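Participant:
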Amino acid sequence: MREGLLPATVATVLELSTSGDKARALTELLGEVFDPTETAISAFEIEDGVTTLSLNAPWKVEIYFATHPDEAAVRDMLRPIVGAVVDSTPFTSVNQKDWVAASLEGLQPVRAGRVLVHGAHDRETVRVNDVAIEIEAALAFGTGHHGTTAGCLLALDAELKQRRPQFALDVGTGTGILALALAKQTRQRVVAGDIDLTAVEVAAHNARVNHAPRALDLYVAPGLRHAKADRPGHFDLVFANILAGPLRRLAPAIARVLAPDGTVILSGLLAMDVAGIVSTYRHQGLYLARRTLREGWATLVMKKGGAAPRPRRPY
590 MREGLLPATV ATVLELSTSG DKARALTELL GEVFDPTETA ISAFEIEDGV TTLSLNAPWK
650 VEIYFATHPD EAAVRDMLRP IVGAVVDSTP FTSVNQKDWV AASLEGLQPV RAGRVLVHGA
710 HDRETVRVND VAIEIEAALA FGTGHHGTTA GCLLALDAEL KQRRPQFALD VGTGTGILAL
770 ALAKQTRQRV VAGDIDLTAV EVAAHNARVN HAPRALDLYV APGLRHAKAD RPGHFDLVFA
830 NILAGPLRRL APAIARVLAP DGTVILSGLL AMDVAGIVST YRHQGLYLAR RTLREGWATL
890 VMKKGGAAPR PRRPY
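FYI, in our numbering the residues of the sequence shown are 590 to 904.
(1) Rounded to whole angstroms, what is the Cα-Cα separation between residue 740 and residue 657?
(2) Looking at C-beta atoms only, is the number of pairs between the region 810-817 and the region 740-749 that lie closer than 8 angstroms three or more?
(3) For residue 822, which residues of its own chain have a beta-carbon under 6 angstroms away from its beta-carbon, when the five flanking residues on both sides are left out?
(4) Inspect the beta-carbon positions of residue 877 and residue 827 and report whether they are closer than 9 angstroms.
(5) Just reading off the alpha helix (DSSP H) that residue 863 is part of, what are its end residues?
(6) From which residue to which residue does the beta strand (DSSP E) around residue 851 run?
(7) With 16 other CB atoms within 10 Å as the buried threshold, where does residue 887 fall?
(8) For my contact list, residue 722 and residue 704 are in at a C-beta cut-off of 8 angstroms; report their separation, rounded to the angstrom.
(9) Just to check my reading of the structure: residue 743 and residue 772 have Cβ atoms closer than 8 angstroms, yes? What is that Cβ distance to the nearest angstrom?
(10) What number of angstroms, rounded off, separates the C-alpha of residue 719 from the C-alpha of residue 711?
(11) Classify residue 859: buried if its beta carbon has 16 or more other beta carbons within 10 angstroms, exposed otherwise.
(12) CB-CB under 6 angstroms to residue 875, same chain, minus the five flanking residues each way: which ones, in chain order?
(13) Identify, in the order they occur along the chain, each residue of the same chain with its Cβ nearer than 8 angstroms to the Cβ of residue 865, setting aside the five sequence neighbours on each side.
(14) Please determine, among 780, 600, 616, the residue with the shortest C-alpha to C-alpha distance to residue 835.
(15) Go to residue 736, then tell me how far its alpha helix (DSSP H) extends in each direction, as first and last residue.
(16) Can you grab the Cα-Cα spacing for the pair residue 654 / residue 602, in whole Å?
(17) Can you give the beta carbon distance from residue 868 to residue 737, rounded, assuming they're within the 8 angstroms contact cut?
(18) Can you tell which of 700, 670, 660, 666 has the C-alpha that lies nearest to the C-alpha of residue 681?
(19) Restricting to runs no shorter than 4 residues, where is the alpha helix (DSSP H) found entirely within the region 701-729?
(20) Please report the straight-line C-alpha distance between residue 863 and residue 777, rounded to a whole angstrom.
(21) Kindly provide the ranges of any beta strand (DSSP E) runs that are 3 or more residues long and lie completely inside the region 741-818, ordered along the chain.
(22) Which of the three DSSP states is assigned to residue 556 in this structure?
(23) As a quick exercise: from 785, 620, 774, pick the residue whose alpha carbon is nearest that of residue 764.
(24) Applying the 10 Å Cβ sphere with the 16-neighbour rule, what's the burial state of residue 707?
(25) Quick one: give me the first and last residue of the beta strand (DSSP E) that residue 829 is part of.
(26) Output the distance between the C-alpha atoms of residue 844 and residue 795, rounded to the nearest integer angstrom.
(27) On a CA-only basis, which of 788, 780, 714 is nearest residue 825? Give me that one, please.
(28) In chain order, what residues of the same chain have a beta carbon less than 6 angstroms from the beta carbon of residue 756, not counting five sequence neighbours either side?
(29) Give the secondary structure of residue 884 by DSSP, where H, G and I count as helix, E and B as strand, and everything else as coil.
(30) Rank 679, 627, 621 by C-alpha distance to the C-alpha of residue 788 and give the top, closest one.
(31) Less than 9 angstroms between the C-beta atoms of residue 801 and residue 808, yes or no?
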């Protein structure tokens, strides 16, 4: 269950309005309980013209099921977090034809630096100097359009203005968009893995669609538990756009494979997750170089190789 990929089919959607802290709790709970190939969750702050970053601000949570779930069991699971509101919230059945049509209608091109993420129906919007990433609309949930992916793409754009990574790893690659965006700009092959075989197959397909069939060195395994990823001190750039819980658990492994002057781009974090994640990675020898917030989701750029620069004292 993650932002990068919806189930290949969606049969049922449950939509809830709640607070930010409860949205975070739901994301953590469902990410631990459900099969990521069968269920996905989206959580975002409801826009009212004012950015609040408050734990009590209104948030919308959407839970997607590949098959119709046991409604009573799901309600029992969610009730301790959101309360009785779940009892009056309906499960909505989705017709697959309507789902694909809605995806096509809502998928507008998204620009992040030189990268332009677009569907096949928007190829004419690509400009000469764009780094174009085409994602099929029916599979494109969150690929560039969600705050976490867009935040990572913007962080990558800033990183490439400073240096060109030679060895990169994308943990939890989903549709492969981050790895493709990097590979197309650096002409370097990117190691990219996911626990979900379907996600890896989609990433391979997207590489072919984008005329870069050998750009991704793909693997199927949880986290970094694969010979392609578990290479101590090897990677000078690591992406991990997943959720706060897995990011905490993966911190030692990510720090171990990072080169002495390496950079980690982390996302999939609500604003209230940031302090805990920064603390966890500091204990692994990384410091926070940059933090951005987009649509209520935080992206962190953390670096290895020393402490964060201290502000100078005025004389």
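The C-beta atom is built at its ideal place from N, Cα and C for all residues, glycine as well. All values derive from a computational prediction rather than experimental measurement.
Facilitator: Reading off the structure:
(1) Counting from one through the sequence shown, the residue named residue 740 turns up at place 151. Counting from one through the sequence shown, the residue named residue 657 turns up at place 68. Distance between the alpha carbons of residue 740 and residue 657: 32 angstroms.
(2) With a cut-off of 8 angstroms, the region 740-749 and the region 810-817 do not count as touching, because too few Cβ pairs lie within range.
(3) Position 233 of the sequence shown holds residue 822. Hits under 6 angstroms: 848.
(4) Against the sequence shown, residue 877 aligns to sequence position 288. Against the sequence shown, residue 827 aligns to sequence position 238. Remark: C-beta atoms of residue 877 and residue 827 do not approach each other more closely than 9 angstroms.
(5) Here residue 863 refers to the residue found at position 274 of the sequence shown. Note, residue 863: alpha helix (DSSP H), 863-871.
(6) Residue mapping note: residue 851 aligns to position 262 of the sequence shown, counting from 1. For residue 851, the uninterrupted beta strand (DSSP E) segment begins and ends at 847-859.
(7) Indexing the sequence shown from 1 puts residue 887 at position 298. By the 10 Å Cβ count, residue 887 comes out buried.
(8) In the sequence shown, the residue the question calls residue 722 occupies position 133. In the sequence shown, the residue the question calls residue 704 occupies position 115. Yes, residue 722 and residue 704 are in contact; Cβ-Cβ is about 6 angstroms, under 8 angstroms.
(9) For the purposes of this step, residue 743 is taken as residue 154 along the sequence shown, with counting starting at 1. For the purposes of this step, residue 772 is taken as residue 183 along the sequence shown, with counting starting at 1. Residue 772 and residue 743 do not touch by the CB rule: their CB atoms are close to 18 angstroms apart, not below 8 angstroms.
(10) For the purposes of this step, residue 719 is taken as residue 130 along the sequence shown, with counting starting at 1. For the purposes of this step, residue 711 is taken as residue 122 along the sequence shown, with counting starting at 1. Roughly 13 angstroms between the two C-alpha positions.
(11) Position 270 of the sequence shown, counted from the start, is the residue given in the question as residue 859. Taking a 10 Å sphere around the C-beta of residue 859, we find 16 or more other C-beta atoms and assign the residue as buried.
(12) On the sequence shown, position 286 is the one that residue 875 refers to. So the qualifying residues of the chain are 891, 893.
(13) Walking along the sequence shown from the start, residue 865 turns up at place 276. Excluding sequence neighbours, residue 865 sits near 833, 837.
(14) Numbered from its first residue, the sequence shown carries residue 835 at position 246. Closest option to residue 835, Cα to Cα, is 616.
(15) Within the sequence shown, the letter at position 147 stands for residue 736. Its alpha helix (DSSP H) spans residues 736-749.
(16) The residue given as residue 654 occupies position 65 in the sequence shown. The residue given as residue 602 occupies position 13 in the sequence shown. When rounded, the distance between both Cα atoms is 6 angstroms.
(17) Counting from one through the sequence shown, the residue named residue 868 turns up at place 279. Counting from one through the sequence shown, the residue named residue 737 turns up at place 148. Residue 737 and residue 868 do not touch by the CB rule: their CB atoms are close to 20 angstroms apart, not below 8 angstroms.
(18) Here the question's residue 681 lines up with position 92 in the sequence shown. Comparing Cα-Cα distances from residue 681 to each of 700, 670, 660, 666, the minimum goes to 660.
(19) Runs found: none.
(20) In the sequence shown, counting from the first residue as 1, residue 863 sits at position 274. In the sequence shown, counting from the first residue as 1, residue 777 sits at position 188. Approximately 31 angstroms between the Cα atoms of the pair.
(21) If one requires a minimum length of 3 residues, the beta strand (DSSP E) runs lying completely within the region 741-818 are 757-760, 779-783, 805-809, in chain order.
(22) Residue 556 lies beyond the residue range present for the chain, which begins at 590 and ends at 904; the question has no answer from this structure.
(23) Taking the first residue of the sequence shown as position 1, residue 764 is located at position 175. Closest option to residue 764, Cα to Cα, is 785.
(24) As a position in the sequence shown, residue 707 is number 118, starting the count at 1. Residue 707 is buried by the Cβ-count criterion.
(25) Translated into positions along the sequence shown, residue 829 becomes position 240. For residue 829, the uninterrupted beta strand (DSSP E) run begins and ends at 824-830, by DSSP.
(26) The count along the sequence shown starts at 1 and reaches residue 844 at position 255. The count along the sequence shown starts at 1 and reaches residue 795 at position 206. Taking the straight line from one Cα to the other gives about 29 angstroms.
(27) Numbered from its first residue, the sequence shown carries residue 825 at position 236. Of the candidates 788, 780, 714, the one whose C-alpha sits nearest the C-alpha of residue 825 is 780.
(28) As a first step, residue 756 is located in the sequence shown; it is residue number 167 there, counting from the start. The residues are 823, 824, 825.
(29) Looking up residue 884 in the sequence shown gives position 295. The answer is coil: DSSP assigns residue 884 none of H, G, I, E or B.
(30) For the purposes of this step, residue 788 is taken as the residue at position 199 of the sequence shown. For residue 788, the nearest C-alpha among the options comes from 627.
(31) Mapped onto the sequence shown, residue 801 falls at position 212. Mapped onto the sequence shown, residue 808 falls at position 219. At the C-beta level, residue 801 and residue 808 stay beyond 9 angstroms of one another.
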